[in-house]
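In what follows, a structure is listed as C-alpha cells, so that the remarks can point back to it.
There are 2 protein chains.
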Amino acid sequence: MPMTPSPSAHRDIPAATVSRLPTYLRALHSAAARGITTVSSGQLASAAGVLPTQLRKDLSHLGSHGVRGVGYNVARLITEIARALGLGRAWPVAIVGMGNLGRALAAYSGFGTEGFHVVAVLDRDPALVGEQVAGLTVRPIEDLPALVAELGIAIGVLATPSDGAQTAADALVAAGVEAILTFAPAALALPPHVSLRRVDLATELHVLAFLRASLSDLPDVGVAG
Amino acid sequence: MPMTPSPSAHRDIPAATVSRLPTYLRALHSAAARGITTVSSGQLASAAGVLPTQLRKDLSHLGSHGVRGVGYNVARLITEIARALGLGRAWPVAIVGMGNLGRALAAYSGFGTEGFHVVAVLDRDPALVGEQVAGLTVRPIEDLPALVAELGIAIGVLATPSDGAQTAADALVAAGVEAILTFAPAALALPPHVSLRRVDLATELHVLAFLRASLSDLPDVGVAG
DNA sequence: GAATGTGAACTCCTTCACAGCA
DNA sequence: TGCTGTGAAGGAGTTCACATTC
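Read top to bottom, the protein sequences are chains A and B.
The working numbering puts the first sequence at residues 345 to 569.
The working numbering puts the second sequence at residues 345 to 569.
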C-alpha cells in the first residue's frame with residue numbers, strides 16, 4: 345500500500361487505523377439516519393466488516409470514550425472521527441486527466457457527501473480544454489498555480505495515462521499541492537513532504553486472479569459446462 | 345486492506361509480495377520494450393518504487409534465480425512472475441453497474457494489456473439494458489448465470505451504488521464467480537471461498553486529507569494568498 | 001450482566017547485515 | 001569486485017485475555 349514514508353507527525357494515530365475510520369464514519373452516519381443513537385462495538389464492527397476488538401482498539405487511538413456496559417454515542421463518535429480525520433470543511437480537489445476515468449471521477453457523487461469537492465478539472469490536451477465536464481470547464485495544466493491559489497486546492501487526483509503522470513504530478517507539486525491520489529500505474533518521484541496514495545486497478549485484478557487461481561488449482565474455470 | 349481472510353493455499357507467496365508483483369511485471373515489460381535484457385535489483389526496484397532488498401526478498405519467494413554479480417534476465421523474470429500470478433491466459437471479467445464508473449472501467453484499456461478482458465457488462469436498470477458500452481451490449485443481472493457458464497467469467501467487478509452492492513454480489517456468487525473487486529463503499533457479506541478486494545475512492549481521499557492536515561497543522565490551506 | 005479499554009502475545013512484513021557466488 | 005539470496009533483527013498491526021466500569 346503506497347504511502348509517503350517520511351512524515352512522522354501522524355497525530356500518533358496509526359496509518360492502518362486512519363484507513364478504517366472513514367468506513368466507521370459511514371456506518372455511523374447510516375445508523376444515525378435510521379434514528380439509532382447508541383451502538384456497541386459489536387454492532388458497529390459488523391457493519392464495517394471488522395472485528396469488535398479491532399474497532400475498539402482503533403477508537404482507543406482517538407481517546408474516544410464509550411460507556412462500559414452500554415456502547416458508543418453515535419452523534420459524539422461521528423464528531424470525534426470527523427475531527428480526527430480533519431473534516432468539518434469541504435476539501436477542494438482538482439482532477440488532472442479528462443479521459444474516461446477522469447470524467448467518471450469528476451461526476452462521482454460520493455466525494456461530495458464525504459467532505460470533498462471537485463473544484464477544478466484539467467487536461468493537457470488543447471482539444472479538451474474548454475469542454476464542460478460535470479459542470480466545470482476543463483482548464484489547461486498551465487492554469488494550475490492560479491487555480492490552486494484561487495480555490496485553495498489541497499488534493500490533486502491524477503487520472504492521466506502513465507506517460508503523463510510524472511509531468512502532471514510535478515505540475516501539481518509546483519503549484520503547491522501536497523497530497524496526490526494517482527490512478528496511473530507508474531512509480532512517481534515526489535518530494536518527501538508530498539503525500540501520495542495510489543489506486544491501481546490492474547494490480548487489484550492481478551491479486552484477485554492470484555487468489556482465484558490458488559483456490560481452485562484447475563487449469564480450467566471451475567464451472568461445470 | 346480488504347481480503348478474504350480464510351484461504352490458506354496462497355502458494356506460500358505472502359500477500360504483500362503478490363500485491364507488488366504486478367508492478368515489477370510492468371517495469372520489466374517496459375524494460376524489455378527498450379531492449380534491455382538484464383536488470384539489477386537496484387534498477388528494477390527504483391523503477392517500481394521500492395527498496396532493492398524488498399525486491400530481492402519478494403523474488404526469492406518465487407524461487408527465482410538471478411545471477412550473482414550480474415542481475416536478472418528480463419525475459420525469464422517476466423515468465424516467472426506471470427506464472428506465479430496465474431497469467432498466461434486472459435481472465436474474463438464482468439462489470440456490474442453501468443454508471444459513470446462502470447462505463448469508465450469498461451472502456452479502460454489498461455485491463456486488456458494486463459491479461460484481463462472485459463467480456464460482459466450488466467445493469468439492473470431495464471432502461472440501460474440493450475445499450476452499447478465499450479463494444480458490449482448491456483445485459484440484465486438475470487443473465488449472469490448464463491454469461492458465467494458461457495464465457496467462463498472468473499472475476500466480477502462491482503461498480504454499483506452501495507445499496508445494490510450486496511444484491512449484485514450475491515448474484516455474482518450464485519452464478520459461480522469466486523473473485524470480486526468492489527468499488528462500493530459498503531461491507532459485503534460473502535461466503536468464505538469468495539475472494540474480495542475493495543477499492544474505496546472516498547477513503548483514499550480521507551487518508552490523504554488526514555496526512556495533509558497532520559503535516560501543516562494550520563486551520564487554513566497553506567497557500568500564501 | 002454487559003460492554004469498553006488495554007497490556008501482552010502473536011503474526012506478518014520490512015529492513016539490515018552479510019554470506020555466497022559469478 | 002558486484003550483486004544476489006537469506007537468516008536475523010526490528011517494526012507494525014492484529015488478536016487475545018482480562019481488568020474495569022456502568
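From the three backbone atoms N, C-alpha and C, an ideal C-beta is built for every residue, glycine too.
- Under a criterion of Cβ atoms nearer than 8 Å, the residues of chain A adjacent to Y452(B) are, in order, N444, L445, L545.
- Under a 10 Å Cβ-count criterion, R370(A) is classified as buried, with 16 or more other Cβ atoms of the shown protein chains found around its own Cβ.
- The three-state reading of DSSP puts Y452(B) in coil, since its state is none of H, G, I, E or B.
- Counting C-beta atoms within 10 angstroms of its own C-beta, P489(A) has fewer than 16 neighbours from the protein chains shown and is therefore classed as exposed.
- Under the Cβ distance rule, S390(A) counts among the residues neighbouring chain B, one pair being separated by less than 9 Å.
- When C-beta atoms of the segment 411-423 of chain B are compared with those of the segment 531-545 of chain A, fewer than three pairs fall below 8 Å, so the two segments do not count as touching.
- Under the 10 Å beta carbon count, R412(B) is surrounded by fewer than 16 other beta carbons and is classified as exposed.
- Rounded to the nearest whole angstrom, the CA to CA distance from P396(A) to G386(A) is 5 Å.
- Comparing alpha carbon positions, the residue from T381(A), D544(A), G456(A) closest to S506(A) is D544(A).
- Inclusion of V501(B) and L555(B) in the CB contact set at 9 Å is not warranted, their separation being larger than that value.
- Out of L491(B), V462(B), I485(B), D487(B), the CA that lies nearest to the CA of V477(B) is found in V462(B).
- A Cβ-Cβ separation of about 4 Å places P366(A) in contact with H550(B) under the 8 Å criterion.
- Residue-level contact check: G459(B) touches chain A, since one or more beta carbons of chain A fall below 9 Å from its beta carbon.
- By DSSP's assignment, P484(A) forms no beta bridge with any residue.
- Taken through DSSP and simplified to helix, strand or coil, A464(A) comes out as strand.
- If you check the CB distance, P529(A) and A513(A) do not come in under 9 Å.
- Boundaries of the beta strand (DSSP E) harbouring T526(A): 523-526, taken from the DSSP string.
- Following the DSSP letters along the chain, one finds R433(B) in no alpha helix (DSSP H), marked with neither H nor E.
- Residues are counted here when their Cβ sits less than 7 Å from a Cβ of chain B; for the segment 510-530 of chain A these are G520, E522, A523, L525, P529, given in chain order.
- Within the same chain, W435, P436, V437, A438, F460, V521, A523, I524, L525 come within 8 Å of I499(B) by CB-CB distance, once the 5 residues on both sides are set aside.
- For P366(B), the chain A residues whose Cβ falls inside 7 Å of its Cβ are A546, T547, H550, in order along the chain.
- Counting along the chain, S404(B) sits inside the alpha helix (DSSP H) bounded by residues 396-405.
- Between the segment 468-483 of chain A and the segment 463-476 of chain B, the count of Cβ pairs shorter than 8 Å is below three; the stretches do not touch.
- It is roughly 15 Å from the alpha-carbon of L552(B) to the alpha-carbon of G496(A).
- Boundaries of the beta strand (DSSP E) around I499(B): 499-502.
- Residues of chain A with a Cβ closer than 7 Å to the Cβ of V362(B) are, in chain order, V551, F554.
- Within chain B, no C-beta atom comes less than 8 Å from the C-beta of R427(A); the nearest is roughly 10 Å away.
- Beta-carbon to beta-carbon, A375(B) and V383(B) are separated by about 6 Å, close enough to satisfy the 8 Å threshold.
- In the three-state scheme derived from DSSP, where H, G and I count as helix and E and B as strand, S363(B) is classed as helix.
- With contacts defined by Cβ atoms closer than 9 Å, S363(B) and A531(A) do not form a contacting pair.
- Contact between T504(B) and V440(B) holds, since their C-beta atoms are separated by about 6 Å, short of 8 Å.
- In the three-state reduction of the DSSP assignment, S390(B) falls in the helix class.
- Residues of the segment 395-419 of chain B with a C-beta atom less than 8 Å from some C-beta of chain A do not occur.
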